[in-house]
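Protein chains: 2
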Amino acid sequence: MNLPDLETPALVLDEARMTRNIDRMRSHLDELGVSFRPHVKTCKSIDVARRMMATPSGPVTVSTLKEAEYFLANGVSDILYAVGIAPNKLGHVLALGAKGAKIKVILDNVEAARVVVAASRDATAPLEALIEIDSDGHRSGVQPGDPLLLEIAGALESGGARLAGVMTHAGSSYNCTTVDAIRAMAEQESDAAVSCARRLRDAGYPSPTVSVGSTPTATFARDLTGVTEVRTGVFVFFDLFMAGLGVCRTSDIALSVLTSVIGHQRDKGWAIVDAGWMAMSRDRGTAKQVVDQGYGLVCDVNGKPMGDILMIDANQEHGIIAHRSGDPARLPDLPVGTLLRVLPNHACATGAQHDRYHVVQEDQRVAAVWPRFSGW
Amino acid sequence: MNLPDLETPALVLDEARMTRNIDRMRSHLDELGVSFRPHVKTCKSIDVARRMMATPSGPVTVSTLKEAEYFLANGVSDILYAVGIAPNKLGHVLALGAKGAKIKVILDNVEAARVVVAASRDATAPLEALIEIDSDGHRSGVQPGDPLLLEIAGALESGGARLAGVMTHAGSSYNCTTVDAIRAMAEQESDAAVSCARRLRDAGYPSPTVSVGSTPTATFARDLTGVTEVRTGVFVFFDLFMAGLGVCRTSDIALSVLTSVIGHQRDKGWAIVDAGWMAMSRDRGTAKQVVDQGYGLVCDVNGKPMGDILMIDANQEHGIIAHRSGDPARLPDLPVGTLLRVLPNHACATGAQHDRYHVVQEDQRVAAVWPRFSGW
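Chains as they are written, first to last, in this note's numbering: chain A, 17 to 392; chain B, 17 to 392.
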């Protein structure tokens, strides 16, 4: 099977590019002497995860318990569920544990610690939790200097749950505009986690795990002394947002959406294609960057960018393709039926719109079809 | 089962509101004397479609051939596939026809007409196509005055395919700012379709079908003389975008995402919940309207809006809830574990992120779970 045999739209994964992305991240983390807990929320695929994990049983990071279920069913037992635990999920976490998952949860408040403690009483082994640290003011987490850290540790440990350490995610690295700023953010991220682990240990609590990560900070970190593991997800495919941030090159982007030209509005310089926001996602992350890539950068069927040809707008199942300048004369001839591949703003969001990867090796032959999933 | 028994995030459908939305649209179209071909791209659910369709076999409008497959398997045979046909989909269209679908395709150019003609030679019956008309400069379609209309008609009819008529979609109605402007757009939409049908008939071509539709224009149309059918999709659930447009009230919105509070950043006036853009979609349609509703308007577990409480930002599986003003004092007390329901910007986009509806009747009891699907 070759790309021209597929019905469009279809998700295409360039395995050669993906392999280079994985090798690069792995050797970088090896050099820094930290272990790697890939975030599988980007791929949601055991075929991709197997190429990232250190062993067939993990470790991995997940963003939903559906991911935990799926990866456990595929032999992956060492799982960090990296979204603050909600009370209505504890029963599910216990059930995963009973099925053999070595699953850790995270939390940043005493109420959640008490819920975890209560659930631990129903479990065969105490539940393990990491305390989330807010290293950058971005989202969740305990502020590094806040006495709350020790209160949560106390609530967990005295109640019979197990404190497994600390974790943080410097999501603000996505807003950096220079590599130096990302490097500084990487230091801030690891400093926050390491200092909180030290505070816990100084107070007599354990902190075996010190977990950090985001694709930008992991890529540019130079010293992770005190950190035990790094989590990153989007690096495996990369996307236009990461390219705009300077974290990868456009030629590293492994994910694209195959689409067909279905018509034109020639006076406007538009070609209309059968991939809209449903296939690309509504993610317009590059809109806030220096170079706005619309709904995606257009490549030919071989994955080669066609210059400044973008998906400038999208409806549910329609995309509008035009030259960045809007000049009709600069849109190449794209007869009805022409196949294009569109690089996405955000690999996590675009991947989630599809139920399989059509795997190619920098050519048009579909070497494999790998299933993926979405939802909860 | 009640809403508090669910794991969050979860998609909630208020059936009582949905039924009122369907009844209102149906009686409006009955009064106008046109038949109704609901667009099932919004619901992607036979349970919802059965409540909208005139008969168990349709008619319906679909946006993907996966929808066509699914609805045909559920007894719906009268199908309009309302995205310009791509050459790589003709084999699939023929296979649907062989399985009993009475499926029509659409196109707006001679190249596509020739592909449909070629496919008709392989079919047991000629393929039926509608010519798409561009009534508003929004996307695809032949301009109403363009001689291309008759060229396409000639290519279809002389080649052995069947010209079934014309269709148009006034997507620009989404950009109207007053009800009067939507009414004018509704007239423009039906005028374009009716005049093109007349041109075809004057030239000796058939045009049994004259199909128009968008939720805003269908809602406010006052005269559809010459139109044979109306297509609308989002009306069934409505959303914040439609409310911002004045097409519905907030209390008509039947779709919401159930989510749990998992933490706080109290100094910032934030509650963090376990529904992010993956559960809400990345759709930020209201950002361009007078009232920007962020990633969604927050209601209590019973679906009652809590004033100006919004999801002001979202990550993949995290949402940030705050008062519109940003004032921490104006965020109500929302302990960890509190259930909230978030009304979406765009029902089509939010629905697509989920694989089932949890159906309630203006209360917390889950009366049914209806499956839905996504993808291609």
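Ideal Cβ positions, reconstructed from N, Cα and C, are used throughout, including at glycine. These numbers were taken from a predicted model, which means no experiment stands behind them.
Using a 10 Å radius around the Cβ and a threshold of 16 neighbouring Cβ atoms, would you call residue i buried or exposed?
{"i": "Ala-141/B", "result": "exposed"}
{"i": "Glu-148/B", "result": "buried"}
{"i": "Asp-268/A", "result": "buried"}
{"i": "Val-307/A", "result": "exposed"}
{"i": "Lys-120/B", "result": "buried"}
{"i": "Glu-31/A", "result": "buried"}
{"i": "Gly-320/B", "result": "According to the sequence shown, residue 320/B is Lys rather than Gly. Label assigned to Lys-320/B: exposed."}
{"i": "Asp-138/A", "result": "exposed"}
{"i": "Met-17/B", "result": "exposed"}
{"i": "Asn-318/A", "result": "exposed"}
{"i": "Pro-360/B", "result": "buried"}
{"i": "Ala-180/A", "result": "buried"}
{"i": "Gly-100/B", "result": "buried"}
{"i": "Lys-304/B", "result": "exposed"}
{"i": "Gly-229/B", "result": "buried"}
Nearest chain B C-beta to residue i closer than 7 Å, yes or no?
{"i": "Pro-321/A", "result": "no"}
{"i": "His-185/A", "result": "no"}
{"i": "His-334/A", "result": "yes"}
{"i": "Gly-391/A", "result": "yes"}
{"i": "Arg-137/A", "result": "no"}
{"i": "Asp-124/A", "result": "yes"}
I want to verify the contact list: residues of chain B whose CB lies under 7 Å from the CB of residue i, in sequence order.
{"i": "His-108/A", "result": "Glu-23"}
{"i": "Ser-297/A", "result": "Arg-298"}
Pick from the options: whose alpha carbon is nearest that of residue i?
{"i": "Gly-116/B", "options": "Ile-95/B, Ala-26/B and Ser-136/B", "result": "Ile-95/B"}
{"i": "Asp-283/A", "options": "Pro-344/A, Val-246/A and Pro-163/A", "result": "Pro-344/A"}
{"i": "Glu-83/A", "options": "Ala-65/A, Thr-275/A and Ala-128/A", "result": "Ala-65/A"}
{"i": "Gly-74/B", "options": "Ser-189/B, Thr-80/B and Ser-93/B", "result": "Ser-93/B"}
{"i": "Gln-159/B", "options": "Gly-229/B, Asn-104/B, Asp-207/B and Asp-349/B", "result": "Asp-207/B"}
{"i": "Thr-194/A", "options": "Ala-270/A, Gly-262/A and Leu-256/A", "result": "Gly-262/A"}
{"i": "Arg-247/B", "options": "Ala-26/B, Ile-38/B and Ile-62/B", "result": "Ile-38/B"}
{"i": "Arg-53/A", "options": "Ala-219/A, Thr-71/A, Asp-152/A and Ala-197/A", "result": "Thr-71/A"}
{"i": "Val-28/B", "options": "Cys-364/B, Asn-361/B and Arg-357/B", "result": "Arg-357/B"}
{"i": "Phe-257/B", "options": "Tyr-311/B, Arg-217/B and Gln-281/B", "result": "Tyr-311/B"}
{"i": "Phe-254/B", "options": "Ser-223/B, Arg-33/B, His-339/B and Arg-199/B", "result": "Arg-33/B"}
{"i": "Arg-130/B", "options": "Gly-249/B, Pro-103/B and Thr-231/B", "result": "Pro-103/B"}
{"i": "Ala-342/A", "options": "His-334/A, Leu-326/A and Ser-211/A", "result": "The question names Ala, but residue 342/A is Gly in the sequence shown. If we check each option's Cα against that of Gly-342/A, Leu-326/A comes out closest."}
{"i": "Ala-111/A", "options": "Pro-387/A, Glu-85/A and Ser-79/A", "result": "Glu-85/A"}
{"i": "His-334/A", "options": "Asp-290/A, Ile-328/A and Leu-179/A", "result": "Asp-290/A"}
{"i": "Glu-378/A", "options": "Ala-270/A, Val-56/A, Thr-225/A and Val-50/A", "result": "Ala-270/A"}
{"i": "Ile-288/B", "options": "Ala-295/B, Ser-276/B and Thr-233/B", "result": "Ser-276/B"}
{"i": "Ala-177/A", "options": "Gln-204/A, Ala-128/A and Arg-40/A", "result": "Ala-128/A"}
{"i": "Leu-22/B", "options": "Arg-381/B, Gly-113/B and Ala-363/B", "result": "Arg-381/B"}
{"i": "Ala-384/B", "options": "His-374/B, Gly-391/B, Trp-293/B and Ser-390/B", "result": "His-374/B"}
Rounded to whole angstroms, how far is the Cβ of residue i from the Cβ of residue j, which I believe are closer than 8 Å?
{"i": "Ala-135/A", "j": "Leu-146/A", "result": "Their Cβ separation, rounded to whole angstroms, is 16 Å, which puts Ala-135/A and Leu-146/A out of contact at 8 Å."}
{"i": "Met-183/B", "j": "Ala-213/B", "result": "At roughly 10 Å, the Cβ-Cβ gap does not stay under 8 Å, so Met-183/B and Ala-213/B are not in contact."}
{"i": "Val-132/B", "j": "Leu-123/B", "result": "7 Å"}
{"i": "Pro-25/A", "j": "Val-273/A", "result": "5 Å"}
{"i": "Arg-300/B", "j": "Asp-299/A", "result": "With a Cβ gap of about 10 Å, Arg-300/B and Asp-299/A do not count as contacting."}
{"i": "Asp-152/A", "j": "Ala-186/A", "result": "5 Å"}
{"i": "Arg-388/A", "j": "Lys-60/A", "result": "5 Å"}
{"i": "Asn-125/B", "j": "Arg-155/A", "result": "Asn-125/B to Arg-155/A, Cβ: 48 Å. No contact."}
Determine, using beta carbons only, whether residue i comes closer than 7 Å to chain A.
{"i": "Glu-127/B", "result": "yes"}
{"i": "His-370/B", "result": "yes"}
{"i": "Arg-215/B", "result": "no"}
{"i": "Cys-212/B", "result": "no"}
{"i": "Arg-388/B", "result": "no"}
{"i": "Ser-156/B", "result": "yes"}
Please compile the residues from chain B whose C-beta is within a distance smaller than 9 Å of the C-beta of residue i.
{"i": "Lys-105/A", "result": "Glu-23, Thr-24, Ser-276 and Asp-290"}
Could you work out which residues of chain A lie near residue i, taking near to mean beta carbons separated by less than 8 Å?
{"i": "Thr-35/B", "result": "What Thr-35/B touches in chain A: nothing, since even the nearest Cβ is about 24 Å away."}
So which residues of chain A does residue i contact, with C-beta pairs closer than 7 Å?
{"i": "Ser-79/B", "result": "Gln-332 and Glu-333"}
{"i": "Pro-351/B", "result": "Glu-127"}
{"i": "Lys-57/B", "result": "Gln-332"}
Starting from residue i, find everything on chain B with Cβ-Cβ shorter than 8 Å and list it in chain order.
{"i": "Val-99/A", "result": "Ile-278, Asp-290, Glu-333 and His-334"}
What residues of chain A sit near residue i, judged by a beta carbon separation below 9 Å?
{"i": "Ala-102/B", "result": "Glu-23, Thr-24, Thr-275, Ser-276, Val-277, Ile-278, Val-289, Asp-290, Val-352 and Gly-353"}
{"i": "Cys-364/B", "result": "Met-294 and Gln-332"}
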